[in-house]
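Undergrad: In this note's numbering, the protein residues as written are 4 to 230. Here it is: the structure, laid out below.
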């Protein structure tokens, strides 16, 4: 009599982002979402020390470390996205969530006519504790716009829950030619949402081959933004 194959492990998403959870669901992965209790802004001092890539991975590791003890025997996926604006002759500017109109407008205006990077740090922890990590980068180019345009956008769309003070899906709600984003370049558009599926597929295959198949990547215009 053939033996019954073992059940696949429970997979926990160490995030409170509805965008990441929706992206995984669309990719065919059922997860339990558990938001880690981390004050990310208290760790901002590590940005200069570790650089954008290292900082994003470090935050993902810390999220996994908080959530994993609450789910013994489960696999854990943790991710963090860091927005970075490189400026000639000045230190890189990290994009952060701005909870008030003035701060959001100022940050958004700093992106006018520039190209910035969305750096994703991704960590997968297998049930036995083995860990794999990786980095995905999306490059976003913005058209030039005025403070008046930035102010009108922030007041209309209230992008206070997203780094960079803009959401890509808001472009669909703006009149033709008024959207800020003109180009996005990267391995796959799922990286714009903060959970790059091709990288996730590679990490899962490395640790748990066949345990959680990931369906086709997202190559259309992204809907949402990472938190």
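No residue lacks a Cβ here, since even glycine has one placed at the ideal position from N, Cα and C.
Tell me which same chain residues have a C-beta within less than 6 Å of the C-beta of residue 81, skipping the five on either side of it?
TA: Your numbering for residue 81 matches position 78 in the chain shown. Excluding positions up to five away in sequence, the list reads 17, 63, 66, 67 and 126.
Undergrad: Between residue 89 and residue 151, what straight-line distance do the alpha-carbon atoms span, to the nearest angstrom?
TA: The residue labelled residue 89 in the question sits at position 86 within the chain shown. The residue labelled residue 151 in the question sits at position 148 within the chain shown. Taking the straight line from one Cα to the other gives about 24 Å.
Undergrad: Are residue 201 and residue 208 touching if we call contact CB-CB under 7 Å?
TA: Looking up residue 201 in the chain shown gives position 198. Looking up residue 208 in the chain shown gives position 205. Cβ distance not < 7 Å, so residue 201 and residue 208 don't count as in contact.
Undergrad: Please classify residue 28 as buried or exposed, where buried requires at least 16 other C-beta atoms within 10 Å of its C-beta.
TA: Residue 28 sits at position 25 when you count from the first residue of the chain shown. With fewer than 16 Cβ atoms within 10 Å of its Cβ, residue 28 is classed as exposed.
Undergrad: Pick helix, strand or coil for residue 34, following the three-state DSSP scheme.
TA: As a position in the chain shown, residue 34 is number 31, starting the count at 1. Reduced to three states, the DSSP call for residue 34 is coil.
Undergrad: Could you give the uninterrupted runs of the alpha helix (DSSP H) lying entirely in the stretch 108 to 161, keeping only those of 4 residues or more?
TA: 150 to 160
Undergrad: Can you tell me which of 184, 185 and 96 puts its alpha carbon nearest to the alpha carbon of residue 109?
TA: Taking the first residue of the chain shown as 1, we reach residue 109 at position 106. Among 184, 185 and 96, the Cα nearest to that of residue 109 is on 96.
Undergrad: Between 198, 104, 143 and 147, which has its C-alpha nearest residue 124's C-alpha?
TA: Sequence index remark: in the chain shown, residue 124 carries index 121 (1-based). Comparing Cα-Cα distances from residue 124 to each of 198, 104, 143 and 147, the minimum goes to 198.
Undergrad: Name the DSSP beta bridge partners of residue 77, please?
TA: As a first step, residue 77 is located in the chain shown; it is residue number 74 there, counting from the start. Answer is none; residue 77 lacks a bridge partner.
Undergrad: I'd like to confirm the pairing. Which residues does DSSP put opposite residue 188 in its beta bridges?
TA: Taking the chain shown and counting its residues from 1, the one referred to as residue 188 is at position 185. Beta-bridge pairing links residue 188 to 142.
Undergrad: Going by DSSP, what residue range makes up the alpha helix (DSSP H) through residue 200?
TA: Sequence index remark: in the chain shown, residue 200 carries index 197 (1-based). Its alpha helix (DSSP H) spans residues 200 to 210.
Undergrad: Is the beta carbon of residue 121 closer than 7 Å to that of residue 232?
TA: As displayed, the chain neither begins before 4 nor continues past 230, which places residue 232 out of reach and without an answer.
Undergrad: Pull up the distance between the alpha-carbon of residue 55 and that of residue 139, whole angstroms please.
TA: Taking the chain shown and counting its residues from 1, one reaches residue 55 at position 52. Taking the chain shown and counting its residues from 1, one reaches residue 139 at position 136. Between residue 55 and residue 139, the C-alpha separation is close to 11 Å.
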